[in-house]
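Some notes on the structure that comes next.
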Amino acid sequence: MLRRFKADLHIHTCLSPCAGLDMTPRNILKKADELGLDIIAITDHNSAENVLPTMRIESDILVLPGMEITTSEEAHVIAIFPETEALMQLQERVYSSLPKTSDQRLLYEQVIVNEFDEVEGFNEKVLISATDLDAEELIDLIHTLGGLAIASHVDREVFSILTQLGFIPESLDFDALELSFRTPMDRADMLYGEYRRYPWITSSDAHHLEDIARGRIELIIKKPSFEELRLALKGADGRGLVV
Ligand SMILES: [Zn+2]
Ligand SMILES: [Zn+2]
Numbered sequence: 032m033l034r035r036f037k038a039d040l041h042i043h044t045c046l047s048p049c050a051g052l053d054m055t056p057r058n059i060l061k062k063a064d065e066l067g068l069d070i071i072a073i074t075d076h077n078s079a080e081n082v083l084p085t086m087r088i089e090s091d092i093l094v095l096p097g098m099e100i101t102t103s104e105e106a107h108v109i110a111i112f113p114e115t116e117a118l119m120q121l122q123e124r125v126y127s128s129l130p131k132t133s134d135q136r137l138l139y140e141q142v143i144v145n146e147f148d149e150v151e152g153f154n155e156k157v158l159i160s161a162t163d164l165d166a167e168e169l170i171d172l173i174h175t176l177g178g179l180a181i182a183s184h185v186d187r188e189v190f191s192i193l194t195q196l197g198f199i200p201e202s203l204d205f206d207a208l209e210l211s212f213r214t215p216m217d218r219a220d221m222l223y224g225e226y227r228r229y230p231w232i233t234s235s236d237a238h239h240l241e242d243i244a245r246g247r248i249e250l251i252i253k254k255p256s257f258e259e260l261r262l263a264l265k266g267a268d269g270r271g272l273v274v
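Quick note: the numbering used here has the sequence shown finishing at residue 274, numbered continuously throughout.
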């Protein structure tokens with residue numbers, strides 16, 4: 032039987048340098064629970080080191096492993112995987128093209144924690160820099176590893192595939208386009224209607240606890256799982272999503 036489940040598929044933790052330090056796994060899950068979310072994805076910039084700690088916490092919420100990668104064109108792309116092994120492979124590839132930081136202040140803003148919200152260390156890479164993967168290479172790699180590739184916040188004025196390329200080439204095989212909560216759907220239809228060939232989702236892109244679920248979708252699926260999300264994006268067998 033198909034039911035509706037609430038999902039916010041773009042949430043940063045304290046590992047992302049621009050996110051609040053209180054964006055810890057336990058705080059995020061507590062907030063997501065209060066807001067009635069069923070599924071979240073953890074998507075830090077160019078790193079996934081706080082994903083496993085979040086998944087280890089016992090919760091009714093399904094935590095999907097993810098990452099928000101910066102392509103060589105400086106466009107943000109969300110990757111979501113069914114399991115962490117593929118995500119770690121992507122992380123290894125992403126890390127190979129990121130410089131180390133010499134900025135102590137930045138270092139202390141990239142906090143790696145454990146499932147008890149205790150500080151385990153700091154990420155030494157410059158996580159906000161661009162990788163050497165262009166959008167097409169990155170999407171191919173995500174798909175090869177079994178994941179979903181979503182164009183981040185296409186309505187934002189920075190770091191979106193639209194601002195960086197001016198348009199979305201047919202060759203980019205995104206599984207969905209993400210809009211922020213800032214653009215009402217009728218306006219989005221006017222601005223981006225030509226890209227209806229992709230499914231559209233909205234997510235919060237939360238960097239602070241109060242932003243979680245400000246953008247979210249309702250998935251019409253059998254149960255919260257990665258496979259059901261994938262089928263919902265395809266509209267398979269009556270599944271779908273409500274933005
Ligand atoms: Zn982004
Ligand atoms: Zn983001």
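Built from N, CA and C at the ideal position, the CB exists for glycine as well.
- Here L158 really is in contact with N77; their C-beta atoms are around 5 Å apart, less than 8 Å.
- The set of residues with CB atoms less than 5 Å from any heavy atom of ligand 2 reads, in chain order, E99 and D236.
- With respect to the C-alpha of L250, the residue from L68, C45, T44 and M54 having the closest C-alpha is L68.
- Per the C-alpha coordinates, the member of S90, E105, F112 and G51 positioned closest to E259 is F112.
- For E146, the closest C-alpha among the options D206, V94 and R136 is that of V94.
- Residue pairing from DSSP places L208 in a beta bridge opposite A182 and W231.
- In this structure L264 touches A207 by the C-beta definition: roughly 5 Å separates them, less than 8 Å.
- Each of T85, I71, K131 and L176 was checked against the Cα of M119, and the nearest Cα belongs to L176.
- Spatial neighbours of S47 in its own chain (CB-CB distance under 6 Å, excluding positions within 5 residues in sequence) are listed in chain order as D75 and H76.
- For T101, the enclosing beta strand (DSSP E) starts and ends at L93 to T101.
- Relative to P96, the option among E104, P84, E105 and H107 whose CA is nearest is P84.
- The criterion of a C-beta distance shorter than 7 Å is satisfied by I173 and A110.
- Comparing C-alpha distances from T233 to each of I248, L33 and I88 shows the shortest one belongs to I248.
- If you draw a straight line from the Cα of S127 to the Cα of K156, it is about 10 Å long.
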